[in-house]
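Quick notes on the structure that follows.
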Amino acid sequence: MAIKDTSLNKENFWDRVVRFLKEVKIEAKKITWAPKKQVLMSTLMVVVFSLFIGAYLGILDIIYNFVISILVR
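Heads up: the sequence shown at position 56 corresponds to 961 in my numbering, and the numbers run straight through without jumps.
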């Protein structure tokens, strides 16, 4: 079994990082980005919905704790 000399083909860590970031930049230019207004509205909808669900679950938790505390007595 022959041993390959990898020192010739081995790139420096930072060279690989720089190459990766350049490729990311090239690929990012190919992306079709959504309009800013659409992104803001979608984000707002997610935040409002999350707050609503959180409040709903919080209220259910308070009710269930109250009912269980009455049943345990």
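Glycine is no exception: its CB is placed at the ideal position from the N, C-alpha and C atoms. In this text, all values refer to a predicted model and were calculated from it rather than measured experimentally.
For the pair residue 966 and residue 943, the Cα-to-Cα distance works out to about 34 Å.
In the three-state DSSP reduction, residue 917 falls in the coil class, being neither helix nor strand. Straight through space, the alpha carbons of residue 926 and residue 959 are spaced by roughly 38 Å.
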